[in-house]
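Working notes, structure below.
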Amino acid sequence: MFPLLPKKFKTMGIDAPIMETIENYRNHHNPSLARLLKLSGFNTIEWEGEGCIVRDIQGEEYIDCLGGYGVFALGHRHPIVIEAVKEQLDRLPLSTKVFFNKPLGDLCKKLAEITPGDLKYAFIANSGTEAVEGALKLARLSTGKTQIIHAQNAFHGKTFGSLSASGREQYKTPFEPLLPDFLSVPFGDIAAIQKTITAHTAAVILEPIQGEGGICLPPDGYLQKIREICTREKILLILDEVQTGLGRTGKWFACQHFNIIPDILVLAKALGGGVMPIGAFIGTEKVWDAFKTNPLIHTSTFGGNPLACRAALAALEVMQEENIAEKARQKGEFFMSELKNVAKNYPDIIQEVRGLGLMIGIELTSPHYGGALIPEMAKQGILVAYTLNQPKVIRMEPPLIIKETEISTVLQALSKSLEKVKQFFSKKEPIHASN
Ligand SMILES: Cc1ncc(COP(=O)(O)O)c(C=O)c1O
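Structure (structure tokens):
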């Protein structure tokens with residue numbers, strides 16, 4: 015049953031490695047995370063994954079409806095991605111950095127092909143936040159200006175530049191002072207951006223749909239207008255599609271729903287095919303000119319390593335050949351309409367179901383319900399989590415390869431869990447809607 019389980023655990027009993035790992039988190043990694051995972055009902059060790067299924071060390075199966083916050087677009091261990099990575103692993107996993115690196119060149123060309131408009135040059139990083147950092151640096155370099163406008167409630171990562179452009183104060187204040195010249199405006203407010211722009215504005219950075227902010231869609235016409243303003247004022251538009259990119263919303267890129275093309279596009283998560291960590295920012299030739307004066311002005315030891323690039327190339331090929339984005343659109347429509355039907359039965363608990371493609375948020379009337387619903391879903395064999403900047407919203411971001419039967423299982427589990435949550439809270443004081 016557990017082909018990979020070390021012999022010592024078989025003789026010690028399954029509980030032993032779980033206790034050991036929790037103790038290691040408590041004593042040597044992150045004690046409060048250990049407590050949070052336990053409270054959320056994830057009190058075991060993840061062991062293996064395949065497609066949409068994750069198995070824990072005790073052999074319990076879960077449908078991964080969280081999908082690594084968007085990482086597992088192709089599910090766990092997609093065979094074509096695994097094969098590409100294994101072939102590279104047996105030959106040259108990391109780059110010498112002095113010779114030309116073929117997978118890196120191939121990936122940059124592929125990204126130019128699949129991204130819209132005149133996006134042409136790419137830098138390959140190791141994560142989303144690193145890619146955002148690179149995009150922000152490029153914006154300053156290319157324009158010679160310093161000011162960056164970003165949206166309230168945004169999430170771009172937790173390194174200093176990305177954090178400076180992000181939203182939730184509880185993650186920012188403890189690290190102040192953050193980078194200067196970052197100004198925030200409400201997401202969706204065109205006038206606020208217009209008022210904030212000065213002669214020093216280098217770029218506006220936005221997620222086309224805010225992910226960690228609570229799966230927030232932009233108001234009609236908003237992104238188009240921002241594109242117009244940026245072009246007119248000679249300000250760069252950076253779109254962070256780390257979460258929305260690569261089919262998640264039913265198109266290759268969310269910006270294609272709005273018919274706009276950014277000057278710099280940021281990707282990560284699904285780009286690694288669910289197998290390798292990777293990030294990328296892709297820019298137009300005009301913007302990239304700024305990097306041309308010094309080939310080493312922005313570098314990374316591990317960025318663009320052959321293993322990650324091979325994973326990305328294989329993932330993009332699968333996405334293209336299997337028309338993954340269109341399938342995500344269709345499945346997303348079905349999933350969302352069914353979720354809306356479930357929500358109708360629980361108006362006291364669910365305020366709204368919203369999203370695009372398979373990027374779906376369930377907004378609860380109070381975050382307290384999420385605290386009960388998430389562990390209940392885990393008990394029913396479904397992995398979900400709330401969004402980082404908005405604990406009232408539970409997100410559903412399953413692999414884009416999820417089957418309709420798996421979606422039905424999730425819906426049944428959700429109804430069952432909501433029923434339990436309703437019963438649980440009916441015995442307590444009434445909950446008042448709060449933030
Ligand atoms: C839109 C967006 N940008 C950037 C990031 C940061 O990516 P990473 O965690 O790989 O640094 C995230 C992560 O959730 C994200 O959702």
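Note that the sequence shown ends on residue 449 in my numbering; no numbers are left out. All residues carry an ideal CB built from backbone N, CA and C; glycine is no exception.
Here DSSP, grouped into helix, strand and coil, assigns residue 400 to strand.
In this model, residue 401 and residue 197 are separated by some 23 Å (Cα to Cα). With respect to the C-alpha of residue 154, the residue from 216, 94 and 105 having the closest C-alpha is 216. Spatial neighbours of residue 270 in its own chain (CB-CB distance under 8 Å, excluding positions within 5 residues in sequence) are listed in chain order as 130. Contact check for residue 169 against residue 178 fails: the beta carbons are separated by 8 Å or more. Separation of the CB atoms of residue 255 and residue 281 is rounded to 6 Å, and the pair is thereby assigned contact status at 8 Å. In this structure, ligand 1 has no non-hydrogen atom nearer than 7 Å to the beta-carbon of residue 166. Of the heavy atoms belonging to ligand 1, at least one sits nearer than 7 Å to the Cβ of residue 256. Not one heavy atom of ligand 1 is found less than 7 Å from the C-beta of residue 137. In this chain, residue 141 is not harboured by any beta strand (DSSP E), its DSSP state being neither H nor E. In the structure shown, residue 252 adopts extended strand secondary structure according to DSSP, grouped into three states. Each of 84, 387, 335 and 325 was checked against the Cα of residue 259, and the nearest Cα belongs to 84. By the C-beta density criterion, residue 119 is exposed, having fewer than 16 other C-beta atoms within 10 angstroms.
Every unbroken stretch of the alpha helix (DSSP H) spanning 4 or more residues and falling wholly within the stretch 174-257 is given here in chain order: 174-178, 183-186, 204-210 and 236-247.
Annotation for residue 352: 425 place their beta carbon closer than 6 Å to its own, counting only its chain and skipping 5 residues before and after.
For residue 298, the secondary structure class from DSSP, reduced to helix, strand or coil, is strand. Runs of the beta strand (DSSP E) lying entirely within the stretch 352-432, each at least 3 residues long, are 364-370, 373-378, 399-401 and 404-410 in chain order.
DSSP places residue 102 inside the alpha helix (DSSP H), whose first and last residues are 93-103. A contact is defined here as three or more CB-CB pairs under 8 Å, and the stretch 301-315 fails this definition with respect to the stretch 42-52. Pairing residue 264 with residue 346 gives a Cβ-Cβ distance under 8 Å.
Assigned with DSSP and collapsed to three states, residue 69 falls in strand. Counting along the chain, residue 83 sits inside the alpha helix (DSSP H) bounded by residues 81-84. A distance of 8 Å or more separates the beta carbons of residue 221 and residue 403. Where residue 63 is concerned, the enclosing beta strand (DSSP E) starts and stops at 60-64.
One Cα belongs to residue 212, the other to residue 248, and the distance between them is close to 11 Å.
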